[in-house]
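Heads up: the sequence shown at position 105 corresponds to 822 in our numbering, and the numbers run straight through without jumps.
Cβ atoms here follow ideal geometry from the backbone N, Cα and C, with glycine treated the same way.
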Amino acid sequence: MPRPLKLALNILAIGLVVALVGAFAWNQAHLDKSAIPVGKKNVPAPLFALDRFGGKGKLSLASLRGRPVIVNFWATWCEPCKKESVELEQTYRRYRSRGLVIVGVDTNDLTGDIEAFVRRYGLTYPIVVRGERLSLTYGLTGVPESFLIDRRGRIVAHVPGGINASAALHDSFAQGLAALMGPA
Numbered sequence: 718m719p720r721p722l723k724l725a726l727n728i729l730a731i732g733l734v735v736a737l738v739g740a741f742a743w744n745q746a747h748l749d750k751s752a753i754p755v756g757k758k759n760v761p762a763p764l765f766a767l768d769r770f771g772g773k774g775k776l777s778l779a780s781l782r783g784r785p786v787i788v789n790f791w792a793t794w795c796e797p798c799k800k801e802s803v804e805l806e807q808t809y810r811r812y813r814s815r816g817l818v819i820v821g822v823d824t825n826d827l828t829g830d831i832e833a834f835v836r837r838y839g840l841t842y843p844i845v846v847r848g849e850r851l852s853l854t855y856g857l858t859g860v861p862e863s864f865l866i867d868r869r870g871r872i873v874a875h876v877p878g879g880i881n882a883s884a885a886l887h888d889s890f891a892q893g894l895a896a897l898m899g900p901a
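So, in structure tokens, the structure goes:
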């Protein structure tokens, strides 16, 4: 290998390592220290106010106090998100007369992609956008991920991964939903 090419590759490799270390350091410095511990229950849900999809103002979690809420983080490219969006919509339609609100938090998609996703899966529950920072606050490990929040604003269940990804996750969601909604 010619010496100038070898030197250029070495410089490129060193630059890449420096960039990765810098990105890691920036992330640690800007990490939201108020993030909820993963898997924690009965802790206050972090509050938020995000733009509603379609420019319909903001939606705040505080405005939903007194109502059971499911906060579902998702992305248009996520296969499990596509599968669970149908069940979440069915859950919303079944329980909205009892006050349930499902808030879909899009983590970082283009407007056209969100619009196509909402239309394709017939979503009628509120969707908020630009939730990437909120995903750090909630301590997300990936998408989809759901938090079931009671009328007092406390997390009663946390379902990491798609609610249909396994029988155990589906059972966890069903039990959390039952705790959230109480007796019929």
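Item: Exposure label - F890; buried when at least 16 CB within 10 Å; Value: buried
Item: Cα-Cα separation, T858 to V803; Value: 22 Å
Item: Which of helix, strand or coil DSSP assigns to S883; Value: coil
Item: Integer-rounded CB distance, given that K758 should sit under 8 Å from V835; Value: Contact doesn't hold; Cβ gap of about 30 Å is too wide.
Item: Candidates V820, M718 and V760: closest to P843 by CA position; Value: V820
Item: Which listed residue (N881, R769, R813 and E849) has its alpha carbon closest to that of E796; Value: N881
Item: Classification of I787 by the beta-carbon crowding that lies within 10 angstroms, buried from 16 upward; Value: buried
Item: Identity of the residues DSSP links to W791 by a beta bridge; Value: D823
Item: Any beta strand (DSSP E) of 3 or more consecutive residues that is wholly inside the segment 759-816; Value: 766-768, 775-777 and 786-791
Item: Spatially closest choice to S777 from P763, A885 and L729, by CA coordinates; Value: P763
Item: Sub-7 Å separation of C798 and P877 beta-carbons; Value: no
Item: Close-in-space but distant-in-sequence residues of the same chain around R847 (CB under 7 Å, 5 per side omitted); Value: L767 and D768
Item: P900 classed as buried or exposed, judged by whether at least 16 other C-beta atoms fall within 10 angstroms; Value: exposed
Item: Identity of the residue in L724, L894, Y838 and L827 nearest S863 by Cα; Value: L894
Item: V835, DSSP secondary structure in three states; Value: helix
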